[in-house]
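See structure below.
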Amino acid sequence: MAIDERSAKGGNKYVGEFQNGNMHGQGTFTYPNGDKKVGVWENGKPLDN
3 MAIDERSAKG GNKYVGEFQN GNMHGQGTFT YPNGDKKVGV WENGKPLDN
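Residue numbers (the numbering used here): 3 to 51.
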């Protein structure tokens, strides 16, 4: 897995691990309003515990 930072239109940003171009592994997703979701991602989706 590679660690990278990616931003999208609208101001969303993800910093963390990627696999096959998808958010996968530990990462932080930041919304345009500054709220953050920190956790583990699998195939582009957060795994909620």
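Idealized CB from N, CA, C, for every residue including glycine.
In this structure, the alpha-carbon of Val17 lies about 15 Å from that of Lys11.
Closest in alpha carbon position to Asp37, among Lys15, Gly27 and Gln21, is Lys15.
Just so you know, the alpha carbons of Val42 and Asp50 end up roughly 8 Å apart. Lys39 sits in a strand when the DSSP states are folded into three classes. Note on geometry: alpha-carbon atoms of Pro34 and Gly13 lie some 5 Å from one another.
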